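Below is one structure, written out as structure tokens; the observations come after it.
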Amino acid sequence: MPFKVKISDGNEILVDEGNTILEAALDQGIDFPHGCRSGNCGACKSKKISGDIEMSPYSEFALDEDEEKQNLILACRSVPWSDCEIKILTDEEDDENNNLEIKNLECKVVNLKKVTNDIYVMNLSIDNKEVFKFKAGQYAELYIGKCKEKHFSMASSPNAGELEFHIKTLDGGEVSAYVKNNLKIGEAIKIKGPYGNAHLREKHKGPIIAVAGGTGLAPILSIIKYSQEIGSKQPINIYYGSQSENELYSIEQFEEMSKINENLKFYPVVIEKPKNKILRRGFVTDAVIEDIKDFDGYKAYLAGPPKMVEVAEEILITKGIRKVDIHSDAFYTPYDEIKEQK
Ligand code: FES
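Here it is as structure tokens:
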């Protein structure tokens with residue numbers, strides 16, 4: 122006799138004896154989050170509210186002992202032995218420290234380096250002994266000189282003492298002109314944050330695809346540094362696109378990280394024919410679909426020019442990644458904002 126499983130989204134399914142909740146839910150047309158279907162990625166993590174559920178073996182990366190004590194289950198491994206009720210975890214419920222306090226910080230420029238024709242890397246120390254808690258991938262408002270505030274993503278890990286930002290300078294931009302001509306080491310900068318939802322979902326243990334363009338590399342760098350620090354073993358594929366090879370930066374840093382971590386793969390891709398024959402040529406989104414045929418269990422982090430983010434999102438959705446598993450941060454320049462308003 123099948124068991125009734127109530128799912129907190131209002132659905133109820135029937136699960137035949139010996140069958141898993143995930144298989145039954147998918148057979149019955151429920152959009153249940155899932156990936157590997159074999160207890161390895163954690164994408165189907167849910168909370169048991171009531172009933173008797175037995176789980177077949179799974180990886181501790183997908184569900185650890187503490188989570189099991191909190192009645193969390195993997196639906197792909199869960200066989201009910203009575204009627205029961207479960208709750209699908211949303212990303213936000215699955216994410217501790219969800220609402221971090223917005224802080225105002227007094228910072229000081231400790232390093233400023235031009236890394237391409239128009240991109241600067243700026244490091245700030247935090248002056249007022251504040252601990253700035255943020256999630257890898259988030260951004261802050263920066264008040265540089267007397268310019269109007271602007272948003273920049275942290276490129277540093279949340280564990281680092283200093284903050285790193287990548288600033289693309291644009292002709293005619295107020296902040297750009299100030300950074301190029303006036304900004305000095307030791308200068309005070311106020312920042313306010315953190316903000317943004319395109320941050321690393323730490324409980325997801327499945328593979329990651331990160332697509333970055335321009336200074337969209339900054340939040341991706343923060344995500345990668347942090348996931349290395351917490352000893353993440355998940356496969357991470359980073360695709361970094363630009364118009365020409367002169368616009369690429371931080372390549373060595375990523376190459377070094379991928380030498381240390383065999384699960385980390387880094388692919389710079391340029392549109393114009395590169396002098397460096399090792400570089401891949403084409404659109405970054407084409408490289409993604411050329412390389413990855415099965416996106417089951419993936420989460421995607423996208424950051425950079427709005428058009429690139431939009432195209433990457435469309436492609437990933439057509440390849441089967443659910444919208445809720447795509448975390449995007451489109452970097453609007455003043456020119457993009459004017460175009461949007463037209
Ligand atoms: S752990 Fe259940 S789908 Fe991957």
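Residue numbers for the sequence shown follow my numbering, so the first one is 122 and each next one is one higher. Glycine is no exception: its CB is placed at the ideal position from the N, C-alpha and C atoms. Bear in mind that the values here come from a model prediction, so they are computed numbers and not experimental data.
If you run the structure through DSSP and keep just helix, strand and coil, what is residue i?
| i | result |
| --- | --- |
| Lys229 | strand |
| Val300 | helix |
| Ser277 | coil |
| Cys165 | coil |
| Met122 | coil |
| Phe286 | strand |
| Glu138 | coil |
| Pro427 | helix |
| Gly337 | helix |
| Tyr453 | coil |
| Tyr360 | strand |
| Lys346 | helix |
| Asn192 | coil |
| Ser246 | strand |
| Ser379 | helix |
| Leu291 | coil |
| Glu144 | helix |
| Leu437 | helix |
| Ile372 | helix |
| Ile410 | helix |
| Arg443 | coil |
| His448 | strand |
| Cys205 | strand |
| Val405 | helix |
| Phe270 | The question names Phe, but residue 270 is Glu in the sequence shown. In this structure, Glu270 counts as coil in the three-state DSSP scheme. |
| Val252 | coil |
| Glu308 | coil |
By the 10 Å Cβ neighbour count, where 16 or more other Cβ atoms means buried, how is residue i classified, buried or exposed?
| i | result |
| --- | --- |
| Thr336 | buried |
| Asn161 | buried |
| Lys166 | buried |
| Val231 | exposed |
| Ser129 | exposed |
| Glu435 | exposed |
| Ala319 | buried |
| Ala309 | exposed |
| Met122 | exposed |
| Gln259 | buried |
| Asp415 | exposed |
| Asp248 | exposed |
| Ile399 | exposed |
| Gly91 | Only positions 122 to 463 of the chain appear in the structure, and residue 91 is not among them; the question remains open. |
| Asp152 | exposed |
| Ser406 | Here residue 406 is Thr; the residue named in the question, Ser, does not match the sequence. Answer is buried; the Cβ neighbour count reaches 16. |
| Ser353 | buried |
| Val126 | buried |
| Asp187 | exposed |
| Asp148 | exposed |
| Asn280 | exposed |
| Val252 | exposed |
| Ser343 | buried |
| Val445 | exposed |
| Gln364 | exposed |
| Ser246 | exposed |
| Lys324 | buried |
Throw me the rounded Cβ distance for the residue i and residue j pair, which I believe falls under 8 Å.
| i | j | result |
| --- | --- | --- |
| Ile413 | Phe404 | The pair is not a contact, with the Cβ atoms about 15 Å apart (cut-off 8 Å). |
| Met275 | Leu263 | The Cβ separation is near 10 Å, so there is no contact. |
| Ile359 | Lys386 | 7 Å |
| Ile357 | Ile329 | 5 Å |
| Gly307 | Lys229 | 6 Å |
| Ile170 | Ile142 | Ile170 to Ile142, Cβ: 13 Å. No contact. |
| Gly317 | Pro426 | Their Cβ separation, rounded to whole angstroms, is 17 Å, which puts Gly317 and Pro426 out of contact at 8 Å. |
| Gly172 | Pro201 | 6 Å |
| Leu321 | Lys256 | 6 Å |
| Leu338 | His287 | 7 Å |
| Gly418 | Gly156 | 2 Å |
| Ile174 | Gly314 | Ile174 to Gly314, Cβ: 41 Å. No contact. |
Does the Cβ of residue i lie closer than 7 Å to at least one heavy atom of the ligand ATP?
| i | result |
| --- | --- |
| Lys346 | By its list of ligands, the structure shown excludes the ligand ATP, since it contains just the ligand FES. |
Listed in chain order, which residues are found with a beta carbon closer than 7 Å to a heavy atom of the ligand FES? Those satisfying the condition are, in chain order, Leu143, His155, Gly156, Cys157, Arg158, Ser159, Gly160, Asn161, Cys162, Gly163, Ala164, Cys165, Tyr179, Ala183, Leu195, Ala196, Cys197, Arg198, Gly327 and Gly418.
Three or more C-beta pairs under 8 Å: does that hold for the segment 281 to 294 against the segment 233 to 248? Per the Cβ contact rule, the segment 281 to 294 is in contact with the segment 233 to 248 (3 or more Cβ pairs under 8 Å).
The segment 134 to 141 touching the segment 293 to 302, judged by at least three CB pairs closer than 8 Å: The segment 134 to 141, when compared against the segment 293 to 302, does not touch it at the 8 Å Cβ threshold.
Give a yes or no on contact between the segment 445 to 454 and the segment 419 to 426, applying the rule of three or more CB pairs nearer than 8 Å. Output reads yes: the segment 419 to 426 touches the segment 445 to 454.
Would the segment 174 to 182 and the segment 190 to 207 be scored as touching if the rule is three or more Cβ pairs under 8 Å? Remark: three or more beta-carbon pairs, one from each stretch, lie closer than 8 Å, so the segment 174 to 182 and the segment 190 to 207 are flagged as touching.
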